[in-house]
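Down below is the structure, laid out as structure tokens.
Protein chains in written order, with the working numbering: chain A, 155 to 309; chain B, 155 to 309; chain C, 155 to 309.
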């Protein structure tokens, strides 16, 4: 698949999941591998994505971009854990959570930012995934999108 | 198990997960099978279930019925993917999400509409499942219930 | 690992997930085992943990304690199902849900009450887990925290 070459061809750069609030050390694992499964913690967009709620501080388009950036921060964690992004042989389950302003319910349109990236990189066979895309009351420290996932990995 | 004969005896009909909003083509998989596991996307009730929040536009009883209809739309997706609903050999994990009006927290009573259907169809051995039943700020395009699941399938 | 001896040394007691509302009989499984995986239903703190929303009726510190108590009620269910808590050989996935008052978004700090307990009991190898820690609109019957999980078990 040569995912990293594709990322480079697309002009995309991996970035870490974003700084934690001052003094916070996450005690959980970004990625937990067991057998041929990797369980991926909820990731936020990191980088310089604005914080706030989609439908208030962020537009739908900014939410879509935040979901795409969340994909890049998740890929960064996968690379750190697996060494090579080609070891992901199948995306299985994606839980897409949007920090919504009251009344904003186009949550699938937001999470498409993540899905489109994964399908573009991994193709229909490996990249296809089941998905929920839902609206949350609050997300950690005001991030606009959080996504967790489960993937199959080559052992 | 002969699930489809049971559905017929119960006078129930499968129906598709409901039309997408105009112009929307879902890019994710309704059901993603890998080995002996099927990962099932968040499904809504489809059919002519009213949209809105349980505790406001929908009563508890309508929410229960929406969760039952969600079971039928999920079974429709499983039949399309697996060919035969008897290939589901064990329900494992259910995440039941209710679109709640502020203050409505009888979310387990709503998701029982799904659980009761699955137990009636699959029995206690195959139908038993772990479950969460929780209240969401918003669900896609105003559906009252969304449920995702993971099941064991015969390979 | 001798988890139960550790619990005793820490002065902790398992307690059941708490009484259901009058007349309610849960129809789902607290823990569903299949192969070497156990799927654990969303659990609440049980015991005499106050109900309500973190950031309103409960402080952050009370939320942290509620998440810790949720760990104890989950361990109680695991012991009932598995017989011996040492049969849990790896924590994999944790979905931590906080019943939040509007504007309360320090949800990771709340769910740390659960994570800290699991890491203390199971150590870094078996206890490490992927995690999401997010804010819900409502949780069943007003419990402040609900956590579901998936673990690896010795068969």
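Every residue, glycine too, gets a C-beta built ideally from N, C-alpha and C.
Going by beta carbon distance, what residues of the same chain come within less than 6 angstroms of residue i, once the five residues before and after it are set aside?
i	result
residue 155 of chain B	240
residue 186 of chain B	193
residue 285 of chain B	248
residue 293 of chain A	253 and 300
residue 287 of chain C	250, 261, 262 and 265
residue 157 of chain A	239, 240 and 275
Using a Cβ-Cβ cut-off of 7 angstroms (strictly less than) and excluding sequence neighbours within five positions of residue i, which residues of its own chain qualify?
i	result
residue 190 of chain B	306, 307 and 309
residue 259 of chain C	289
residue 169 of chain C	200, 201, 226, 227 and 230
residue 183 of chain A	195
residue 243 of chain B	280, 306, 307 and 308
residue 188 of chain A	none
Looking at chain C, is there any beta carbon in it that lies within less than 8 angstroms of the beta carbon of residue i?
i	result
residue 196 of chain A	yes
residue 204 of chain B	no
residue 284 of chain A	no
residue 306 of chain B	yes
residue 254 of chain B	yes
residue 236 of chain B	no
Does chain A have any CB closer than 8 angstroms to the CB of residue i?
i	result
residue 269 of chain C	yes
residue 290 of chain C	yes
residue 244 of chain B	no
residue 210 of chain C	no
residue 168 of chain C	no
residue 247 of chain C	yes
residue 273 of chain C	yes
Give a yes or no on whether the minimum CB-CB distance between residue i and chain B is below 8 angstroms.
i	result
residue 188 of chain C	yes
residue 302 of chain C	yes
residue 228 of chain C	no
residue 241 of chain A	no
residue 185 of chain C	yes
residue 181 of chain A	no
residue 296 of chain C	yes
residue 193 of chain C	yes
residue 251 of chain C	yes
Identify the contact partners of residue i in chain E, using a Cβ-Cβ distance below 8 angstroms as the criterion.
i	result
residue 293 of chain A	The structure shown contains no chain E; its protein chains are A, B and C.
Only counting the same chain, and skipping five residues up and downstream in sequence, which positions put a Cβ closer than 8 angstroms to that of residue i?
i	result
residue 301 of chain C	196, 197, 221, 224, 225, 228, 248, 249, 250, 251, 265 and 268
residue 205 of chain C	211, 295, 296, 297 and 298
residue 234 of chain B	184 and 185
residue 236 of chain B	185, 187, 192, 242 and 307
request  = Tell me, please, whether the segment 212-222 of chain C touches the segment 273-281 of chain B by the rule of three or more beta-carbon pairs shorter than 8 angstroms.
outcome  = no
request  = Mind listing, in chain order, the continuous beta strand (DSSP E) runs of no fewer than 3 residues lying wholly within the segment 158-246 of chain B?
outcome  = 185-188 and 191-197
task = Examine the Cβ distances between the segment 285-302 of chain B and the segment 201-210 of chain C and report whether three or more of them are shorter than 8 angstroms.
result = no
ask   = Between the segment 218-229 of chain A and the segment 262-269 of chain A, do three or more beta carbon pairs fall short of 8 angstroms?
value = yes
message = If we require 3 or more residues per run, which beta strand (DSSP E) segments fall completely within the segment 244-291 of chain B?
response = 284-290
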